[in-house]
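A.B. asks: Residues in the sequence shown are numbered consecutively from 1, following the numbering used here.
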Amino acid sequence: MYTPGLVASGNISPCRICVMDGEWSVAQATNGTTEPCGVSGPWPRYAPGTAWDDGFIAQAGQDCPVYTDGEGAMVEAGNAITGGNYIMSDANGRAIPATAGQYFVGQALESATASGQRIRTKLIRGHVE
């Protein structure tokens, strides 16, 4: 179950790592230096392939479903990831292996061999020492 009531502060794509951007406001993450709050839902706002489809789950001022701690979520990989790795955000909110000194959003439950693949994760936020 996603956290209801969060509002996007800008464009957010599906299956991207998110950070809090104010009271009840979320933004797509851009690195691992800010603590993530979760992962955006897996579906776009409008049906894919239609004239309305812009590829976003939410734009500024719109409700944005975000999955949080303890939940499972699909996240888009930004690079190769090995199942079991802790994952953090790249510059586009996609998952990459977490590195020392960075915040992670969860643990990959399966591997990704390339950027753009969606993988299952268990959301457990933390910090790599």
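For every residue, glycine included, the Cβ atom is placed at its ideal position computed from N, Cα and C.
Source: prediction; values computed, not measured.
With H, G and I counted as helix, E and B as strand and the rest as coil, what does DSSP make of D69?
C.D. replies: Here D69 sits in coil by DSSP.
A.B. asks: Using a Cβ-Cβ cutoff of less than 8 Å, which residues in the same chain neighbour T121 once the five nearest sequence positions on both sides are dropped?
C.D. replies: Cβ neighbours of T121 beyond the five flanking positions: V39, G72, A73, M74, V75, I87, A95, V105, G106, Q107, A108 and L109.
A.B. asks: Which of the three DSSP states, helix, strand or coil, is assigned to S115?
C.D. replies: S115 falls in the coil class under three-state DSSP.
A.B. asks: Rank C64, L6, G84 and N92 by C-alpha distance to the C-alpha of P42 and give the top, closest one.
C.D. replies: When only C-alpha atoms are compared, the closest one is C64.
A.B. asks: Three or more C-beta pairs closer than 8 Å, one from the region 44-64 and one from the region 111-121: is that the case here?
C.D. replies: No, the region 44-64 is not in contact with the region 111-121.
A.B. asks: Give the DSSP-derived three-state secondary structure of D53 in the structure shown.
C.D. replies: Coil, per DSSP.
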